[in-house]
Every structure is written in C-alpha cells, then in structure tokens.
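Asker: The structure under discussion is supplied below as structure tokens; questions concerning it will follow.
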C-alpha cells in the first residue's frame, strides 16, 4: 500500500478501480463522443491519449496530471456528471486547472453530483498508480493505492 495526501476540491470517499493518464486529459476529445451518443458509459475517445483511449472511465478514479484542450472542458465535465456517466473521482497530480475546477463545482452545485476531486497529489502519485489498481479516496484527501 502507498498513501498520498492531496488538497480536497470536492469532498467524498471512494474505493474502486483507477484509470491513469500520464499526459493531460483533453476533456472534449475524451468525453464528447459518448455524451453525444447518449451512452450509458464513457469510453475514452481521445485517440491522442494512448493511456485512456478505448477504456471505460465511468465510475472509476481518473488519475491525471491536469485537463487540457478546449475551453468547453468545464461544461463537458458538468454534462457527463449530469448524465451520471462521469468518473467517480478526478485525482490530479498537479494543481487542478480552472476548467476542470469549474466543471466539478458546477456539477456538484447544479447537478447534485457526488463527483470527487483531489489535487496536488504529486508526480510520485502518477508514477506509483497503474490502470486497474484498486484505490481508496478518503474525505480528507488521502488517496491510498491498495
């Protein structure tokens, strides 16, 4: 077991599977195809992100450095949360970016989403976690790779 402590952006607890991206996640390219097709799960559609492409990320712990891409990123996160096809949590190794922060806050406030977000987990976090690992997130921002 390895434990990391981050800053809580959106409080909650989770235990489940991690999906890891070592590069920035383009929210529009990753989520849009599944959202537009009204799918019951997000299959990551960003072909430029080999860590995520083709993987189901709904209900998982999305471990990433930051989000990148279009200024619609916050709206995309809010939308997938409203559709209930979002990752259970966003675990950022770096400081959360403004687009992801806005989408997560809007989803929590306007969509009554229970999406979790923790940032500042550090680069060692992404070096230590792999897709498929079991992970636990505690309400105080402690993330444990089980």
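Residue numbers (the working numbering): 264 to 409. Glycine is no exception: its CB is placed at the ideal position from the N, C-alpha and C atoms.
I'd like to know if residue 313 contacts chain D, where contact means its C-beta is closer than 7 Å to some C-beta of that chain.
Answerer: Absent from the structure: chain D. Only one protein chain is present.
Asker: Note down, one range per segment and in chain order, each alpha helix (DSSP H) of at least 4 residues found wholly within the stretch 266-337.
Answerer: Qualifying alpha helix (DSSP H) stretches, in chain order: 290-299.
Asker: Just to confirm, is the Cβ distance from residue 287 to residue 331 under 7 Å?
Answerer: Cβ atoms of residue 287 and residue 331: closer than 7 Å.
Asker: Taking the C-alpha atoms as reference points, what is the distance between residue 232 and residue 309?
Answerer: Given a span of 264 to 409 for the chain in the structure shown, any question on residue 232 remains unanswerable.
Asker: Could you pull the DSSP bridge partners for residue 407 from this structure?
Answerer: Paired residue(s): 266, 399.
Asker: Hey, how far is the Cα of residue 291 from the Cα of residue 279?
Answerer: Whole-angstrom Cα-Cα distance: 24 Å.
Asker: Distance check for residue 388 and residue 364, CA to CA, integer angstroms please.
Answerer: So the two alpha carbons sit approximately 20 Å from each other.
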